[in-house]
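The block underneath contains the structure these notes are about, expressed in structure tokens.
Residue numbers (the numbering used here): 7 to 117.
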């Protein structure tokens, strides 16, 4: 077993100022998306509920309720398994109750 980080993962990031569904990784027919690292920070002065979904609207995570300045930091697990895997042929999206928030996401897309 290798303990090196998933350096080949694709890194995306953004500051989002809209609530509702936000597409992060587009769907590709016949492929999965595997999420390996995640950082999310809430800028909303209240509670910001954020749920990670595949683009088929299937929840991949619980709803993370973050206060203003609250954050989630998930690094690549020691066994290098992904935190979440989308359904075949779907991408990754957020569904949020409030805004703004910022994120960094590292993923691999393929078979």
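Built from N, CA and C at the ideal position, the CB exists for glycine as well.
If the criterion is Cβ atoms closer than 8 Å, does the pair residue i and residue j meet it?
i	j	result
residue 66	residue 72	no
residue 45	residue 93	no
residue 38	residue 91	yes
residue 15	residue 113	yes
Buried or exposed: which applies to residue i, given that a residue is buried once 16 or more other Cβ atoms fall within 10 Å of its Cβ?
i	result
residue 81	exposed
residue 27	exposed
Could you work out which residue in the options is closest to residue i when comparing CA atoms only?
i	options	result
residue 117	35, 61, 13 and 18	35
residue 13	41, 102, 26 and 28	41
Which residues does DSSP list as the beta-bridge partners of residue i?
i	result
residue 57	101
residue 84	Beta-bridge pairing links residue 84 to no other residue.
residue 47	77 and 108
Looking at C-beta atoms only, is the number of pairs between the segment 85 to 98 and the segment 45 to 53 that lie closer than 8 Å three or more?
-> no
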